[in-house]
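So, in structure tokens, the structure goes:
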């Protein structure tokens with residue numbers, strides 16, 4: 018038994034024994050570790066949501082038997098044990114409760130089955146505060162694959178917004194020295210993350226607003242998102258089996274936090290700062306062409322916008338730039354959620370303005386080259402995190418930005434700058450992201466010293 022997770026593992030063992038004792042159930046022998054792993058996941062996913070401040074969110078589960086075929090992405094769970102024994106057993110015992118049937122139960126739509134922890138389960142954690150529960154939940158199945166390859170599968174079905182519903186299909190691949198190296202590096206990074214706990218220093222009202230934003234995004238995109246503070250392990254996701262496209266890091270709960278609130282993340286009770294590269298992909302492309310980057314790659318692409326709208330329009334232009342860079346062919350219309358008519362223009366005009374402004378790199382647009390850049394920027398992120406992991410210091414990535422204890426701000430900026438300079442031979446701006454100040458006098462005064 019792991020001392021750090023002793024309380025959690027005792028609860029798991031207790032429920033496993035109860036499932037084994039249910040009437041008309043054969044006691045498991047060699048498959049007992051699989052039952053333990055399944056109960057661990059079900060508790061971690063449901064209780065982790067209920068006991069943190071994300072109290073109104075539901076866990077998801079695949080009910081289709083085909084999902085549990087044995088492959089590199091599923092080395093532990095089987096349908097017979099995970100669903101028939103663990104999931105149904107915990108329902109029968111009153112530890113979890115199904116709130117919404119999913120597609121595999123015959124319901125219309127794409128949503129998975131949703132379930133919540135009952136009071137019978139959460140009462141087993143009595144005496145443990147919401148602020149510390151995430152540190153007591155194991156972060157990741159040690160057998161989980163951390164190098165993932167997937168592609169989009171278009172269903173031919175459309176949601177209420179008129180957008181085609183897509184499914185992510187996992188791809189098998191052959192391991193090579195590259196995938197093995199990346200997996201080993203992730204193990205080192207995740208080992209450091211597992212030793213720390215991360216939280217949000219927000220008020221109840223702010224957390225409720227975050228939950229509402231996430232619920233709205235889930236509904237619009239037909240998938241289930243939720244903040245579970247136990248999700249503090251990373252994996253890399255590639256868009257092909259050659260590992261040339263994508264490769265960014267996912268899995269951390271902090272990636273779901275709106276950017277304005279990421280400055281409120283605390284690591285081991287200490288305040289943090291977030292730094293990111295200024296115009297990373299434009300800088301990379303211009304450096305590759307040996308050209309100087311315009312002062313602001315997204316400014317003044319839509320004319321006659323003033324005041325409060327100017328910053329919002331800049332965000333729209335950045336989104337358009339990235340969409341053009343990621344698209345493999347010319348786009349017929351504006352990206353999802355964009356309303357260019359509100360600013361007196363349309364997609365054809367904005368696309369042409371971006372092509373004109375960025376003539377030196379225009380040949381990269383509409384070629385899918387952005388996915389290759391993601392491989393490069395994810396390798397840069399890996400290098401930054403590994404540098405600090407070797408010192409036992411956690412870094413939380415969000416694509417091209419990094420959150421750390423604010424006492425490391427100079428070290429972080431130095432390493433980020435060196436990583437870019439080593440690859441491209443040029444300097445790049447690194448800026449502090451500070452979206453929302455801490456609420457003075459609200460709760461515990463957090464440390465600003467590395468040594469505390």
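In the numbering used here, the protein residues as written are 18 to 469. Quick reminder that beta carbons are idealized off the backbone N, C-alpha and C, glycines included.
Are the CB atoms of residue 338 and residue 311 nearer to each other than 8 Å? Position 321 of the chain shown, counted from the first residue, corresponds to residue 338. Position 294 of the chain shown, counted from the first residue, corresponds to residue 311. No.
Are the region 433-447 and the region 277-297 in contact at 8 Å, needing three or more beta carbon pairs? Under the Cβ criterion (8 Å, minimum of three pairs), the region 433-447 counts as touching the region 277-297.
What's the gap between the Cα of residue 217 and the Cα of residue 376? The residue labelled residue 217 in the question sits at position 200 within the chain shown. The residue labelled residue 376 in the question sits at position 359 within the chain shown. As the crow flies, the alpha-carbon of residue 217 is around 43 Å from that of residue 376.
Using the Cα positions of residue 25 and residue 64, report the straight-line distance between them to the nearest angstrom. Counting from one through the chain shown, the residue named residue 25 turns up at place 8. Counting from one through the chain shown, the residue named residue 64 turns up at place 47. Computed Cα separation, rounded: 11 Å.
Our contact map puts residue 254 next to residue 165 with C-beta atoms below 8 Å; I'd like the distance itself, whole angstroms only. Position 237 of the chain shown, counted from the first residue, corresponds to residue 254. Position 148 of the chain shown, counted from the first residue, corresponds to residue 165. About 5 Å separates the two Cβ atoms, so the contact holds.
Cα-Cα separation, residue 210 to residue 224: By 1-based counting over the chain shown, the position of residue 210 is 193. By 1-based counting over the chain shown, the position of residue 224 is 207. Between residue 210 and residue 224, the alpha-carbon positions lie close to 23 Å from each other.
Mind pulling the beta strand (DSSP E) runs of 3 or more residues that sit fully within the region 260-297? The qualifying runs are 263-267, 282-284 and 287-294.
Below 8 Å between beta carbons: does that hold for residue 222 and residue 443? Counted from its first residue, the chain shown places residue 222 at position 205. Counted from its first residue, the chain shown places residue 443 at position 426. It is not a contact, given that the beta carbons lie outside the stated cut-off.
Counting only the same chain and skipping the five closest in sequence on each side, list residues whose C-beta sits under 7 Å from that of residue 351. Looking up residue 351 in the chain shown gives position 334. Counting only Cβ-Cβ distances below 7 Å, and skipping sequence neighbours, we find 357 and 364.
What would DSSP say about residue 213, mapped onto helix, strand or coil? Taking the chain shown and counting its residues from 1, the one referred to as residue 213 is at position 196. In the structure shown, residue 213 falls within a coil segment according to DSSP collapsed to helix, strand and coil.
Boundaries of the beta strand (DSSP E) in which residue 412 is found, first to last residue: Locating residue 412 in the chain shown gives position 395, where the first residue counts as 1. Element bounds for residue 412: n/a, residue is neither H nor E.
Count the other CB atoms, across all protein chains shown, that sit within 10 Å of the CB of residue 261; report buried if there are 16 or more and exposed otherwise. For the purposes of this step, residue 261 is identified with residue 244 of the chain shown, where counting begins at 1. Flag for residue 261 reads exposed.
Closest residue to residue 42 among 102, 79 and 32 (Cα-Cα distance): Along the chain shown, read from residue 1 onward, the residue named residue 42 stands at position 25. Out of 102, 79 and 32, 102 has the C-alpha closest to the C-alpha of residue 42.
Are there three or more Cβ pairs, one per stretch, closer than 8 Å when the region 274-290 is compared with the region 408-422? Because the criterion of three Cβ pairs below 8 Å is met, the region 274-290 and the region 408-422 touch.
If we call anything under 8 Å between Cβ atoms a contact, is residue 280 one with residue 451? What you label residue 280 is simply residue 263 of the chain shown in a count that begins at 1. What you label residue 451 is simply residue 434 of the chain shown in a count that begins at 1. Contact flag set, yes.
What is the DSSP secondary structure of residue 170, reduced to helix, strand or coil? In the chain shown, counting from the first residue as 1, residue 170 sits at position 153. In the structure shown, residue 170 sits in a strand (DSSP, three-state: E or B).
Which residues in the same chain have their Cβ closer than 7 Å to the Cβ of residue 66, if we skip the five residues on either side of it in sequence? By 1-based counting over the chain shown, the position of residue 66 is 49. Excluding sequence positions up to five before and after residue 66, its CB lies within less than 7 Å of the CB of 74, 76, 243 and 245, all in the same chain and listed in chain order.
Does the beta-carbon of residue 369 have 16 or more other beta-carbons within 10 angstroms, so that it is buried, or is it exposed? Walking along the chain shown from the start, residue 369 turns up at place 352. Exposed is the label assigned to residue 369, since fewer than 16 other Cβ atoms lie within 10 Å of its Cβ.
Burial state of residue 106 (16 or more Cβ within 10 Å): Here residue 106 corresponds to residue number 89 of the chain shown, with the count starting at 1. Buried, by the Cβ-count rule.
For residue 39, count neighbouring Cβ atoms within 10 angstroms of its own Cβ and tell me buried if that reaches 16, exposed if not. Mapped onto the chain shown, residue 39 falls at position 22. By the neighbour-count rule (16 or more Cβ atoms within 10 Å), residue 39 is not buried but exposed.
DSSP state of residue 253, grouped into three classes? Here the question's residue 253 lines up with position 236 in the chain shown. Residue 253 falls in the strand class under three-state DSSP.
On the DSSP bridge list, what partners appear for residue 140? Position 123 of the chain shown, counting from 1, holds the residue named residue 140. Paired residues: none, contrary to the question.
Please report the straight-line C-alpha distance between residue 144 and residue 52, rounded to a whole angstrom. As a first step, residue 144 is located in the chain shown; it is residue number 127 there, counting from the start. As a first step, residue 52 is located in the chain shown; it is residue number 35 there, counting from the start. Between the alpha carbons of residue 144 and residue 52 lies a gap of roughly 27 Å.
Residue 96 to residue 300 span [Cα, whole Å]: Reading the chain shown from its first residue, position 79 is the one you call residue 96. Reading the chain shown from its first residue, position 283 is the one you call residue 300. Distance between the alpha carbons of residue 96 and residue 300 is about 48 Å.
For residue 186, which option in 402, 168 and 203 has the closest C-alpha, if you only look at C-alpha atoms? If you number the chain shown from 1, residue 186 lands on position 169. Sorting 402, 168 and 203 by C-alpha distance to the C-alpha of residue 186 places 168 at the top.
With a 10 Å radius around its C-beta and 16 neighbouring C-beta atoms as the bar for buried, classify residue 407 as buried or exposed. For the purposes of this step, residue 407 is taken as residue 390 along the chain shown, with counting starting at 1. Exposed, since its Cβ has fewer than 16 Cβ neighbours within 10 Å.
Only counting the same chain, and skipping five residues up and downstream in sequence, which positions put a Cβ closer than 7 Å to that of residue 59? Residue mapping note: residue 59 aligns to position 42 of the chain shown, counting from 1. Taking residue 59 as the centre and dropping the five residues before and after it, the same chain places the C-beta of 103, 104, 107 and 113 closer than 7 Å to its C-beta, in chain order.
To the nearest angstrom, how far is the alpha carbon of residue 298 from that of residue 390? Here the question's residue 298 lines up with position 281 in the chain shown. Here the question's residue 390 lines up with position 373 in the chain shown. If you take the alpha carbons of residue 298 and residue 390, they lie about 7 Å apart.
Tell me which residues share the same chain as residue 200 and place their Cβ nearer than 7 Å to its Cβ, disregarding the 5 neighbours each side in the sequence. In the chain shown, residue 200 corresponds to position 183, counting from 1. Contacts found: 163 and 164.
Grab the span of the beta strand (DSSP E) containing residue 113 for me, first residue to last. Here the question's residue 113 lines up with position 96 in the chain shown. Counting along the chain, the beta strand (DSSP E) containing residue 113 begins and ends at 113-117.
Report all residues from its chain with a CB closer than 6 Å to the CB of residue 32; omit the five preceding and five following residues, and keep chain order. Stepping through the chain shown from its first residue, residue 32 is reached at position 15. These residues qualify, in order along the chain: 56.
Could you check if residue 27 is buried or exposed, using at least 16 other CB atoms within 10 Å of its CB as the buried criterion? For the purposes of this step, residue 27 is identified with residue 10 of the chain shown, where counting begins at 1. Label assigned to residue 27: exposed.
Beta carbon of residue 100 nearer than 8 Å to that of residue 80: As a first step, residue 100 must be located in the chain shown, where it is residue number 83. As a first step, residue 80 must be located in the chain shown, where it is residue number 63. A distance below 8 Å separates the beta carbons of residue 100 and residue 80.
Counting contacts by CB-CB distance shorter than 8 Å, is residue 448 in contact with chain C? Structure shown: chain C not included; a single protein chain is present.
Just verifying my parser: in three-state terms, what is the DSSP assignment at residue 133? Taking the chain shown and counting its residues from 1, the one referred to as residue 133 is at position 116. The answer is strand: DSSP assigns residue 133 an E or B state.
Is residue 92 helix, strand or coil by DSSP? Mapped onto the chain shown, residue 92 falls at position 75. It is coil, neither helix nor strand.
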